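Everything on this sheet refers to the single structure shown next.
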Amino acid sequence: MSDTIHRECPARAVLDHVTSRWGVRVLTAMRDGDLRFYELRGEIEGISEKMLSQTLRTLVRDGLVTRTVEPSAPPKVTYGLTDLGRGVTEPLEALAAWIRCHAGALLAAQAEYDGGRGPAAINPR
Numbered sequence: 001m002s003d004t005i006h007r008e009c010p011a012r013a014v015l016d017h018v019t020s021r022w023g024v025r026v027l028t029a030m031r032d033g034d035l036r037f038y039e040l041r042g043e044i045e046g047i048s049e050k051m052l053s054q055t056l057r058t059l060v061r062d063g064l065v066t067r068t069v070e071p072s073a074p075p076k077v078t079y080g081l082t083d084l085g086r087g088v089t090e091p092l093e094a095l096a097a098w099i100r101c102h103a104g105a106l107l108a109a110q111a112e113y114d115g116g117r118g119p120a121a122i123n124p125r
């Protein structure tokens, strides 16, 4: 079995896509159902149309997201999670819940680091 730490691991690229800045947000935004492009853009604060389009294309290619085009004028395009996408979204949501639960401690660690103590004071050698 490959290890995603190693550059040669074929799963590493997909892990990078899923855990990218926008990949996590796109996948979790669709957890409650299919969304159109502009609905997704409205759900994800700060994402540009270009980044949303690139992220969706990548996640569709990886088999995590479906893209359904309904013929109309203009065409109606809907995105949703595949079974694989739902499977990977569950642990992402668990990670987000852990971060929310520990946000105070994480912010305190950042403040301590930013206060000039830095990594040497936290992890003396």
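Under UniProt numbering, the sequence shown has 66 at position 66, and the numbering climbs by one with no breaks.
Ideal Cβ positions, reconstructed from N, Cα and C, are used throughout, including at glycine.
Just so it is clear, the structure is predicted and the values come from calculations on it, not from any experiment.
Quiz item: Does the distance from the CB of Thr82 to the CB of Val65 come in under 9 angstroms?
Solution: yes
Quiz item: For the UniProt domain "HTH hxlR-type" (9 to 107), which segments carrying the alpha helix (DSSP H) assignment without a break, of at least 4 residues, lie completely within its bounds, in sequence order?
Solution: 11 to 18, 21 to 29, 37 to 43, 49 to 61, 83 to 101
Exercise. Have a look at Pro124 and Arg61 and give me their C-alpha separation to the nearest angstrom.
Key: Annotation note: pLDDT 49 at Pro124 (below 50); position unreliable, coordinate value reported separately. Rounded to the nearest angstrom, the two C-alpha atoms are 45 angstroms apart.
Quiz item: Taking Cβ to Cβ, would you say Leu27 is nearer than 9 angstroms to Val18?
Solution: yes
Quiz prompt | Rounded Cβ spacing between Gly23 and Leu59 (contact assumed at less than 8 angstroms) | solution = 7 angstroms
Quiz prompt | Nearest-angstrom beta carbon gap, Gly80 and residue 171 [assumed within contact, 8 angstroms] | solution = Nothing in the structure corresponds to residue 171, since the chain is present only between 1 and 125.
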